[in-house]
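To start, the structure itself, in structure tokens.
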Amino acid sequence: MFNAHLVPYVDRLSHGFWRNPEADLSRSVPQFRTAIRTEGSESSVRLHFVHSLSSRANSAPLLMIPPFPFTNLSLTHLTDHFTNPGDGERDDIAFHLVIPSLPGLGFSDAINSSKHMIPLVAEMFDKLMKRLGYDHYLVTTAAPSPNAFTDIDSRLIKYIAVSFPDSCLGAHMISPPFSQPKLRFAPLAWLKWKMASTLQRPCLGYSQHDIAIIRRHKARRRLQHKQIPLLPGINTVGDKAFEPNTLSYALCDSPVGLLLFFVMVLRLLESKHEFSNQEMIHMTELTWLPGPEGTIRMWANCSSMTEQVPKPSHKPRIGVTTFAKAAAQEDQDRSQGISPTASSDAHTCLAWGYVSYDVLSSQVVPGPPGLLAWERPGVIAAGVRKLAKAVISIDGRLQKEEETGTTLLEQVRVEGNRLAPAEVSGTTIQGGVSPIPAPADAPKSSQTTDVTESDASRQNRPSTPMPPKPSQVGESSQSAPLDDGSGDDGGQSSNQGSPSTIKPFKGSPP
């Protein structure tokens, strides 16, 4: 039965499916790469990102963090929700949307460092926004976090909001895990919580739902601590079978194994969305082509390390989206033998959030969250707009008119198996110029990106023997030279839309 479920995916994967989606992504998605060096990183890291500008005046910059382990190219269906609200939403705020891929995922380079990943990635994303000319911006996640799979999303947005309050003017959090107030740090908030939980009645900012849910979840968490983890021993010495390198090599050698990995992830995230065969293969290819090593290593690093979040000078501004899963649905799950996972078990207590954050907006959405970016993307957009309106009402910097800036980026296309310069201008102009390809009759800039092949090229992994056309899944290719970090950390550039294709390649192993 399980094999029968996989047959359509495997057939589509093995019959050269990838070329059409690859061409579509290259043609329609404004995607770029730029090299960024942080104070804590040992070398420059090239970030791949989608940059969609809105045609509306006074649009606000928005940084979107993809839900791990998905790449930014898996979220391109979200752009219109943020950049171009419908005719019935003319008064809604539009956004200039930036969606980077996490380092090591998709076409972003992996971080070759054993340091804490979360602080490094947070600094890279902040530098990326500033390089694009956005001195002030909002940030949002695209899925509830933590969930049954990881808490990378929630930790990353929290670190950005706390560490860069001068540039990040607001963070939209989806089901954030606020901590219970402690006597040492917030004695008044701690006293209110103790009184409300002792009285077992709504008071002092707590609802009856807060009290009942939190107590029930405490009992569930005690039970979950006794259960066997999904990947016991990952990144530990005691169990070599689940070290990140071991798992990476296994997935690297088997696209079907990586496909099963994503099937497992979707089930853990309680997805109700019916993904087509094309969507599943698309998702798998975007991880398999550049290699799953970076994905697994980042997962292992973040699972084994806890970053020290700096103490902010003032409370970060946030907006919160929470979900009210009906009790009847929980009872139905139990009757069907469905165990509560971290995502269904999550509850955000706003009274706790006020202790550490300046909560400017909130919305409670009925039903379980599920895989929000695919099932209910409008919920994310509504939460972000609510936060944006609250921020703009007290801080005019978010929509401040800036002088046109120039950003150096990299954009390439593929000729056969070799990279060549894209036939576009050598800079990306921020402010008034759309990254969408210009009409055919539009005047072309005389300035072009000169990409040579003088440096030593890198090779992709050999193609996996999958009949009938293994070469269409993983061809080897030569890479164009990029900034090695010795000089300015800006990469090569372009200003007219997406490349004909971004040819993934694997760098030297750490």
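According to the numbering used here, the stretch in the sequence shown is residues 827 to 1336, in order. Using N, Cα and C, we set each Cβ at its ideal position, and we do this for glycine too.
- Boundaries of the beta strand (DSSP E) around Met999: 994-1000.
- Taking each of Thr1147, Ile1218, Thr1113 in turn and checking the Cα distance to Val1191, the smallest one comes out for Thr1147.
- Taking C-beta separations shorter than 7 Å and ignoring five residues to either side along the sequence, the partners of His907 in its chain run Pro1203, Gly1204, Ala1207, following chain order.
- With a contact defined as Cβ atoms closer than 8 Å, Phe1011 and Cys1175 miss out at about 16 Å.
- Counting only the Cα atoms, Gly866 lies some 28 Å from Ala969.
- Segment contact: the stretch 939-954 against the stretch 863-880, three or more CB-CB distances shorter than 8 Å; contact assigned.
- Per the C-alpha coordinates, the member of Gln857, Leu889, Asn938, Met1090 positioned closest to Gly1120 is Asn938.
- Taking the CA atoms as reference points, Gly1196 sits about 8 Å from His1099.
- Beta-bridge analysis with DSSP links Pro926 to Phe875.
- Put simply, the stretch 1179-1194 does not touch the stretch 880-899. Fewer than three CB pairs are less than 8 Å apart.
- In the structure shown, Thr967 falls within a strand segment according to DSSP collapsed to helix, strand and coil.
- Annotation for Pro1192: the continuous beta strand (DSSP E) segment containing it runs 1184-1192.
- Looking from the CA of Asp918, the closest CA among Asp1221, Gly1031, Thr976, Gly1209 belongs to Gly1209.
- Here Ile1122 carries a helix assignment [DSSP, helix/strand/coil].
- Cβ contact annotation for His922 (same chain, cutoff 8 Å, sequence separation greater than five): His877, Ser878, Leu879, Ser880, Ser885, Ala886, Pro887, Leu888, Thr909, Tyr960, in chain order.
- At the C-beta level, Leu1198 and Ile1000 come within 8 Å of one another.
- Rounded to whole angstroms, Asp979 and Trp1125 show a C-alpha spacing of 11 Å.
- In the three-state DSSP reduction, Phe1087 falls in the helix class (H, G or I).
- In the DSSP assignment, Gln857 is bridged to Val876.
- Under DSSP, Ile1144 shares a beta bridge with Ala997, Val1185.
- Residue state for Met950 is assigned as helix, using DSSP reduced to three classes.
- Collapsing the DSSP output to three states places Pro847 in a helix.
- Taking the C-beta atoms as reference points, Gln1189 is found nearer than 8 Å to Lys1212.
- Counting along the chain, the unbroken beta strand (DSSP E) around Leu888 starts and ends at 886-891.
- Remark: three or more beta-carbon pairs, one from each stretch, lie closer than 8 Å, so the stretch 1131-1145 and the stretch 985-992 are flagged as touching.
- Per DSSP, the unbroken alpha helix (DSSP H) holding Gln1104 starts and ends at 1103-1114.
- When the Cα atoms are used, Thr1110 and Thr1024 turn out to be separated by approximately 50 Å.
- Look at Tyr960 here: in three-state DSSP terms it is coil, with no helix or strand label.
- Looking only at Thr897, Ala849, Gly1179, the smallest Cα-Cα distance to Ala1015 is reached by Gly1179.
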